[in-house]
Each structure stands twice: as C-alpha cells, then as structure tokens.
Amino acid sequence: MSTLRFPAYSALQADLIPQDRRGRIMGLMGTLRNLAMVPSAAVFGYLYQLDPVYPFYLGAAVELLAVGIIFFLIKEPSRAH
4 MSTLRFPAYS ALQADLIPQD RRGRIMGLMG TLRNLAMVPS AAVFGYLYQL
54 DPVYPFYLGA AVELLAVGII FFLIKEPSRA H
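Quick look at the structure:
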C-alpha cells in the first residue's frame with residue numbers, strides 16, 4: 004500500500020513542511036514511526052494468537068485514524084502569488 008501512496012505523501016510533505024525544517028521533521032517522523040514499530044510487533048503477535056483476523060482489523064482502524072487526521076487536522080498553507 005505504501006508504494007501506491009508514497010508519491011502523493013511525498014508531495015504533501017514538500018508542500019506542508021518548510022524547506023529549512025524538512026530534514027528535522029522527516030527525521031522526527033522516521034523516529035516516531037520506528038518507535039511505534041517496537042510495541043506494534045508484540046501487540047499484533049498477541050492479537051494474532053487470539054484470532055488471526057484481529058491484527059488486520061487493528062491495522063485498518065489505525066489507517067482510518069491516520070486518514071482522519073490528514074483530512075481534518077492538516078490544512079494546506081495559503082500561497083501568496
């Protein structure tokens with residue numbers, strides 16, 4: 004899935020993050036993503052033992068939450084011409 008959304012995600016980041024802060028923001032986002040991966044492996048493994056479909060439900064719920072954050076909380080910056 005990330006292969007399909009990667010170009011649009013990169014374009015959104017380029018539009019929203021000021022160029023002088025882009026490296027710090029991208030580093031922070033990568034660090035937060037990696038920190039989230041550590042407990043998620045254990046949580047998804049536990050859920051898989053309960054029922055193999057539960058990790059997919061949780062993954063779908065997290066993806067919907069991320070889409071909601073993008074739609075409702077991220078505003079496109081105004082462009083001065």
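If you read the sequence shown in our numbering, its first letter stands for residue 4, the second for the next number, and so on.
Just so you know, even glycine gets a beta-carbon here, dropped at the ideal spot from N, CA and C.
Can the beta-carbon of residue i be found less than 7 Å from the beta-carbon of residue j?
{"i": "Tyr51", "j": "Pro58", "result": "yes"}
Specify, as a first and last residue, the run of the alpha helix (DSSP H) that residue i falls within.
{"i": "Ser81", "result": "Careful: Ser81 lies outside any alpha helix (DSSP H) and carries neither H nor E."}
{"i": "Asp24", "result": "Note on residue identity: the sequence assigns Arg, not Asp, to residue 24. Taken as a continuous stretch (DSSP letters only), Arg24 belongs to no alpha helix (DSSP H), as it is neither H nor E."}
Please list the segments of the alpha helix (DSSP H) lying wholly inside the region 29–84, counting only runs of 4 or more residues, in order along the chain.
-> 57–76
Mind the definition here: the region 60–71 touches the region 9–19 only if three or more C-beta pairs lie below 8 Å; say whether that holds.
-> no
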